[in-house]
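Undergrad: Each protein sequence line maps, in turn, to chains A and B.
Take the first sequence: its letter number 153 is residue 1267 in my numbering, and every next letter is one higher.
Take the second sequence: its letter number 220 is residue 1334 in my numbering, and every next letter is one higher.
Yeah, the Cβ is synthetic: ideal placement off N, Cα and C, and Gly gets one too.
Computed from a prediction, not measured in an experiment: that's the story for all the values here.
2 protein chains.
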Amino acid sequence: MTETVPRPTLEAVAARAGVSRATVSRVVNGSDAVREPLAERVRQAVEELGYVPNQAARSLVTKRHDAVAVIVAEPETRVFADPFFARQLRGISKELTAHDNQLVLLLTEDRDDHARVGRYLAGGHVDGALVISLHVDDPLPGLIRSAGVPTVFGGRPDFSGGRDGVVYVDCDNRGGARDAVRHLIGLGRGRIAHITGALDQTSAVDRLDGYRDAVVGADPRLVVEGDFTSASGERAMRELLDRSPGLDAVFAANDLMAAGALRVLRERGRRVPDDVAVVGFDDMLPIAEQTEPPLTTVRQDIEEMGRLMARLLLRTLDGTGAEDQAAGGLILPTTLIRRASA
Amino acid sequence: MTETVPRPTLEAVAARAGVSRATVSRVVNGSDAVREPLAERVRQAVEELGYVPNQAARSLVTKRHDAVAVIVAEPETRVFADPFFARQLRGISKELTAHDNQLVLLLTEDRDDHARVGRYLAGGHVDGALVISLHVDDPLPGLIRSAGVPTVFGGRPDFSGGRDGVVYVDCDNRGGARDAVRHLIGLGRGRIAHITGALDQTSAVDRLDGYRDAVVGADPRLVVEGDFTSASGERAMRELLDRSPGLDAVFAANDLMAAGALRVLRERGRRVPDDVAVVGFDDMLPIAEQTEPPLTTVRQDIEEMGRLMARLLLRTLDGTGAEDQAAGGLILPTTLIRRASA
DNA sequence: ACATGATCCGAGAGCGCTCTCGCCCGTGGA
DNA sequence: TCCACGGGCGAGAGCGCTCTCGGATCATGT
């Protein structure tokens, strides 16, 4: 609507500065092959005309887009309840904009979406992709692979065992979980239950493994599967109390579920931490601080994970060899944060 | 990395189908000016070669990008705590992808970011913009205006009074608030407090106005300002109880704050709804359902707002006249959802 | 049979940019 | 003084697409 003012082109700037297009291009792209008096004249012309390069024309020849896709592969509701994604997204966004790259967001819910994403990536509209919250049976990695788009995953993909060239960033889920449970053991707790996350995600599996590392030969009735939502935390806690009334500690695979567990424990009249100690995972603020009592939990720096994912990808795209240093996975450390719940 | 297979061009498809570029272009873009036997041959060639149009080349001539920017103008922490944004984003995403448009996400925190966003929009990289969560003192609308990019706002901008051409989608904040408070009055409550949202957002102001519509000449001590976070809800509730111990109802400007208020009320030994009735706003699931007791609240369809914003913008971009039908604002209705808290 | 449209398709220009190539000019060595 | 050399700059091609325009083809009216 309304006639858009035609934006000045390289040609126009060149004319105004009395030089050739090539020279303007050189100046704009920061080449040092233009001597000072001229370069300055060009810069001034750019300024005066308010010239902004046409990205489409540029991409047409460079085959770079300075854009990366961020794929949020969460089928349903969790994205809404869990601040996790927003936080990771922010980390990614920061790093990306710091390097003048655009963030193209792709939200997927079902298989149809995956096909669409596959087509999109194959279409070569972006230079790379970042995948958040992948589930094990997801066809996405395959699509991405065949699209040939450089990709960094957030969280270890389930097939990363040894498949070549898979790059991911994750936190030390297993080690963090182990620390959490050992802390409970150190508190003298003997019947430690675990509420797992959605076991179609490796983070949940790894945390479960960490739990098992610490509690060798754990009573299987002390482990209940949740799905990272607080509702599932409540459900799991009820089940645990019904099955094993004698439990004296709970390690939940994230803070949201821990908060749910806390509610049920209160409802059932168990004192925390006196009767039952509770530890979460994520240190998701403000949730972890506002539970009653405040949650002892395993901190992971989610925003940093996002930043790192983006940095890794950009480095790959630059050709600044990421192959060597990061192929495989980058694992961030976790810290146990002690509050009142355990 | 690794040599990317050069993608087939229009030219290649044309050669294979034994037609001209122009004809392939016509088929690809769904023109009906190609007769059937030929069109089919082209389609087959496209299929066989796995041809995908080069968006950059296309944009270069059409001056359209089929991309819109979504600007989340939230300075800080709220984006993380409140599922609001994720939900609106999903609505936007759905509508956009349904029309083959890309979603370019721009997260802004401070003034520097705004300048960057302004430059980005002025750069003409996107066809339009969607702005979420605008604050009153924000320079963004000005930047957008001077960039000349068609824009739809989520939530009424503070200057929308009569300024020409401002398009926005909002829910009936004032009416919804009025209904909520009238409901409390209908319950026989006489001292109804209000916890406002961040008053630099029109939604908070409008809800406050709705409250005042219903409680004419309200005791100013019954109104405390919050900022939409649950922590602020707790703080406000404490202040209210200290100042006006006799209150018998609270209307909070969103569910998060209502949940905070609920916690404080329980902590202070007030029964809900017997001693104090509580109403929230948003019907943010699962929060509203999982409070204790479940929250009576004003429902607004956030995802639908997102969808509508996108639809309005796309329509404007198509030239399918949105000027007439939507210039000004589109206000969605709200519904009071009765649960146990009031 | 020929003129007249209408319809379908191809030729070609051009969108705004980058980048190679070669020209020109200035400098230094003989 | 002349030649070789090198670095700064311009000319021009071409990225992959769209779209106008005109030519070819075919049905139709007379």
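Spell out a yes or no on whether the stretch 1218-1226 of chain B and the stretch 1160-1177 of chain B are touching, meaning 3 or more CB-CB pairs, one atom from each, closer than 8 Å.
TA: The stretch 1218-1226 of chain B is not in contact with the stretch 1160-1177 of chain B.
Undergrad: With 8 Å as the threshold, decide whether the Cβ of T1211/A is near any Cβ in chain B.
TA: Start at 1 with the first residue of the first sequence, and residue 1211/A comes out as number 97. True, the Cβ-Cβ gap to chain B drops below 8 Å.
Undergrad: Mapping DSSP to helix, strand and coil, what is R1178/A?
TA: What you label residue 1178/A is simply residue 64 of the first sequence in a count that begins at 1. In the structure shown, R1178/A sits in coil (DSSP, three-state: anything other than H, G, I, E or B).
Undergrad: With contact counted as at least three CB pairs below 8 Å, one residue from each stretch, are the stretch 1336-1346 of chain A and the stretch 1292-1312 of chain A in contact?
TA: The stretch 1336-1346 of chain A is in contact with the stretch 1292-1312 of chain A.
Undergrad: For the stretch 1384-1395 of chain A, which residues have a CB atom closer than 7 Å to at least one CB atom of chain B, in sequence order?
TA: From the stretch 1384-1395 of chain A, no residue has a Cβ closer than 7 Å to chain B.
Undergrad: Specify, as a first and last residue, the run of the alpha helix (DSSP H) that G1347/A falls within.
TA: Position 233 of the first sequence, counted from the first residue, corresponds to residue 1347/A. Segment 1344-1357, the alpha helix (DSSP H) holding G1347/A.
Undergrad: The alpha helix (DSSP H) that contains Q1202/B, what's its start and end?
TA: If you number the second sequence from 1, residue 1202/B lands on position 88. Element bounds for Q1202/B: 1198-1212.
Undergrad: Mark G1256/B as exposed unless 16 or more other C-beta atoms lie within 10 angstroms of its C-beta, in which case mark it buried.
TA: Indexing the second sequence from 1 puts residue 1256/B at position 142. So G1256/B ends up on the exposed side.
Undergrad: Is P1359/A close to chain B, meaning its C-beta is less than 8 Å from at least one C-beta of that chain?
TA: Mapped onto the first sequence, residue 1359/A falls at position 245. P1359/A does not count as touching chain B.
Undergrad: Taking the C-alpha atoms as reference points, what is the distance between H1130/A and V1166/A?
TA: Taking the first sequence and counting its residues from 1, the one referred to as residue 1130/A is at position 16. Taking the first sequence and counting its residues from 1, the one referred to as residue 1166/A is at position 52. This sequence places Arg at residue 1130/A; His is not what is there. Rounded to the nearest angstrom, the two C-alpha atoms are 15 Å apart.
Undergrad: I'd like the ranges of any alpha helix (DSSP H) spanning at least 4 consecutive residues and lying wholly in the stretch 1240-1279 of chain A.
TA: Fully enclosed alpha helix (DSSP H) runs of 4 or longer: 1254-1261.
Undergrad: To the nearest angstrom, report how far apart D1356/B and A1363/B are at their CA atoms.
TA: Counting from one through the second sequence, the residue named residue 1356/B turns up at place 242. Counting from one through the second sequence, the residue named residue 1363/B turns up at place 249. So the two alpha carbons sit approximately 14 Å from each other.
Undergrad: With DSSP as the reference, please indicate the residues paired to R1149/B in a beta bridge.
TA: Along the second sequence, read from residue 1 onward, the residue named residue 1149/B stands at position 35. Paired residues: none, contrary to the question.
Undergrad: For the stretch 1320-1346 of chain B, which residues have a CB atom closer than 9 Å to at least one CB atom of chain A, in sequence order?
TA: If the cut-off is 9 Å between Cβ atoms, the stretch 1320-1346 of chain B has T1343, S1344, A1345 near chain A.
Undergrad: For chain A, is any of its Cβ atoms less than 8 Å away from the one on V1443/B?
TA: On the second sequence, position 329 is the one that residue 1443/B refers to. For the sequence presented, residue 1443/B should be read as Gly rather than Val. No, its Cβ sits nowhere closer than 8 Å to a Cβ of chain A.
Undergrad: Q1158/B: buried (16+ other C-beta within 10 angstroms of its C-beta) or exposed?
TA: In the second sequence, the residue the question calls residue 1158/B occupies position 44. It is exposed - the Cβ of Q1158/B has fewer than 16 other Cβ atoms within 10 Å.
Undergrad: For A1363/B, which residues does DSSP report across the bridge?
TA: Within the second sequence, numbered from 1, the residue matching residue 1363/B stands at position 249. DSSP output for A1363/B lists I1306/B, A1391/B as bridge partner(s).
Undergrad: Quick one: measure Cβ to Cβ for L1409/B and S1346/B, integer angstroms, because I've assumed they're closer than 8 Å.
TA: Translated into positions along the second sequence, residue 1409/B becomes position 295. Translated into positions along the second sequence, residue 1346/B becomes position 232. No, L1409/B and S1346/B are not in contact; Cβ-Cβ is about 17 Å, not under 8 Å.
Undergrad: Quick one: measure Cβ to Cβ for I1445/A and D1284/A, integer angstroms, because I've assumed they're closer than 8 Å.
TA: By one-based count along the first sequence, residue 1445/A stands at place 331. By one-based count along the first sequence, residue 1284/A stands at place 170. The pair is a contact, with the Cβ atoms about 6 Å apart (cut-off 8 Å).
Undergrad: Taking DSSP as the reference, what is the three-state secondary structure of T1449/A?
TA: Start at 1 with the first residue of the first sequence, and residue 1449/A comes out as number 335. T1449/A falls in the strand class under three-state DSSP.
Undergrad: Find the nearest neighbour of Q1404/B within the set Q1202/A, A1375/A, R1305/A, T1448/A, judged by alpha-carbon distance.
TA: Residue numbering aside, residue 1404/B sits at position 290 when the second sequence is read from its first letter. It is A1375/A.
Undergrad: How big is the Cα-Cα spacing for I1451/B and Y1234/A?
TA: Working through the second sequence from its first residue, we reach residue 1451/B at position 337. Working through the first sequence from its first residue, we reach residue 1234/A at position 120. Computed Cα separation, rounded: 41 Å.
Undergrad: Taking only the alpha-carbon atoms, compute the straight-line gap between D1272/B and T1316/B and give it to the nearest angstrom.
TA: Counting from one through the second sequence, the residue named residue 1272/B turns up at place 158. Counting from one through the second sequence, the residue named residue 1316/B turns up at place 202. Approximately 6 Å between the Cα atoms of the pair.
Undergrad: If we ignore side chains and look at the alpha-carbon of each, how far apart do D1286/A and G1443/A end up?
TA: For this step, residue 1286/A is matched to residue 172 along the first sequence. For this step, residue 1443/A is matched to residue 329 along the first sequence. When rounded, the distance between both Cα atoms is 11 Å.
Undergrad: Under the rule that 16 or more other beta-carbon atoms within 10 Å means buried, what is T1265/B, buried or exposed?
TA: Taking the first residue of the second sequence as 1, we reach residue 1265/B at position 151. By the 10 Å Cβ count, T1265/B comes out buried.
Undergrad: Which chain A residues are close to Q1404/B, counting only those with a beta carbon under 9 Å from its beta carbon?
TA: Here the question's residue 1404/B lines up with position 290 in the second sequence. Within 9 Å Cβ-Cβ: S1344, A1345, E1348, G1374, R1377.
Undergrad: Is the beta carbon of I1206/A less than 8 Å from the beta carbon of L1254/A?
TA: On the first sequence, residue 1206/A is found 92 positions in, with the first residue counted as 1. On the first sequence, residue 1254/A is found 140 positions in, with the first residue counted as 1. Result no, Cβ atoms of I1206/A and L1254/A do not sit closer than 8 Å.
Undergrad: Can you tell me whether S1344/A is buried or exposed? The criterion is at least 16 other CB atoms within 10 Å of its CB, across all chains shown.
TA: Numbered from 1 along the first sequence, position 230 holds the residue referred to as residue 1344/A. Burial call: buried.
Undergrad: Would you check if the stretch 1318-1336 of chain A and the stretch 1288-1304 of chain A touch, i.e. whether three or more CB-CB distances between them fall below 8 Å?
TA: Touching, yes, given that three or more Cβ pairs across the two stretches are closer than 8 Å.
Undergrad: At 7 Å on the CB atoms, spell out the chain B contacts of R1204/A, in chain order.
TA: Within the first sequence, numbered from 1, the residue matching residue 1204/A stands at position 90. In chain order: L1221.
Undergrad: Please decide whether H1239/B counts as near chain A, where near means a Cβ-Cβ distance under 8 Å.
TA: Walking along the second sequence from the start, residue 1239/B turns up at place 125. Answer yes: the Cβ-Cβ gap between H1239/B and chain A drops below 8 Å somewhere.
Undergrad: Scan the stretch 1240-1259 of chain A for residues whose Cβ lies nearer than 7 Å to a Cβ of chain B and list them as they occur along the chain.
TA: For the stretch 1240-1259 of chain A, which is checked against every Cβ of chain B, not one residue is closer than 7 Å.
Undergrad: Give the single residue among G1420/A, G1132/A, V1156/A whose Cα lies nearest to the Cα of N1143/A.
TA: For the purposes of this step, residue 1143/A is taken as the residue at position 29 of the first sequence. Nearest of G1420/A, G1132/A, V1156/A to N1143/A, Cα basis: V1156/A.
Undergrad: In the DSSP assignment, find the beta strand (DSSP E) that holds Q1404/A and state where it starts and stops.
TA: Residue numbering aside, residue 1404/A sits at position 290 when the first sequence is read from its first letter. From DSSP, Q1404/A is part of no beta strand (DSSP E) but of the alpha helix (DSSP H) over 1401-1404.
Undergrad: Could you work out which residue in A1402/B, H1179/B, R1349/B is closest to R1413/B when comparing CA atoms only?
TA: Taking the first residue of the second sequence as position 1, residue 1413/B is located at position 299. Answer by Cα proximity: A1402/B.
Undergrad: Assign E1339/B to one of three DSSP states: helix, strand, or coil.
TA: Walking along the second sequence from the start, residue 1339/B turns up at place 225. Of the three classes helix, strand and coil, the one that applies to E1339/B here is strand, per DSSP.
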